[in-house]
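What follows is one structure encoded as C-alpha cells, with my remarks underneath.
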Amino acid sequence: MAATLTMTDRTGQQDGAGADVLTATDLVRDYGKNRVVDGVTLSVRPGQVVGLLGPNGAGKTTTFYMIVGLLAPTSGSWAGPT
9 MAATLTMTDR TGQQDGAGAD VLTATDLVRD YGKNRVVDGV TLSVRPGQVV GLLGPNGAGK
69 TTTFYMIVGL LAPTSGSWAG PT
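For what it's worth, the working numbering labels the leading residue of the sequence shown as 9, then goes sequentially.
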C-alpha cells in the first residue's frame with residue numbers, strides 16, 4: 009500500500025499544485041560508447057522536494073548538470089519555468 013503525503017508551501021498552495029516548474033523527458037547522456045544516463049524522465053511541481061538516490065556512478069550528478077544546463081544531453085529534453 010502506497011503512502012501519500014501532502015504538504016503546503018509558503019504560498020499556501022498544496023504540494024504539487026499548479027504547473028510543473030521543471031520537466032525532463034527521456035534524458036540520455038553518452039560519453040563515447042558509455043551511456044551514463046539512460047532515459048531519465050521526471051517532473052517537479054511547486055512545493056515538491058526531489059532527491060536523486062543511487063550508487064556511485066549511477067548518473068545523478070550528470071543528470072543534475074543536464075537539468076541546470078551545464079551539460080548538453082545526448083538526447084531528450086528539459087524545460088524550466090517559462
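Cβ coordinates follow ideal geometry from the N, Cα and C atoms, glycine included. Note that the structure is predicted; figures quoted are calculated from it, not measured.
1. With DSSP run on the structure shown, which of helix, strand or coil describes threonine 82?
2. Could you pull out every residue in the same chain whose Cβ sits closer than 8 Å to the Cβ of tyrosine 73, ignoring the five residues on either side in sequence?
3. Compare the C-alpha of glycine 40 against each of Ala66, Gly59 and Thr82 and name the closest.
4. Ignore the nearest five residues each way along the sequence and tell me which others in threonine 49's own chain have a CB closer than 7 Å to its CB.
5. By Cβ distance, which residues of its chain are closer than 8 Å to glycine 47, with the 5 residues on each side in sequence left out?
6. Taking the alpha-carbon positions, what's the threonine 70 to valine 44 distance?
Once the coordinates are examined:
1. Reduced to three states, the DSSP call for threonine 82 is coil.
2. Once the five neighbours on either side are set aside, the close Cβ partners of tyrosine 73 are Leu79.
3. From the listed residues Ala66, Gly59 and Thr82, the smallest Cα separation to glycine 40 is found for Thr82.
4. Cβ neighbours of threonine 49 beyond the five flanking positions: Ala32, Thr33 and Asp34.
5. Cβ within range, chain order: Asp34, Leu35, Val36 and Gly84.
6. Using only the alpha carbons, I get a separation of about 8 Å.
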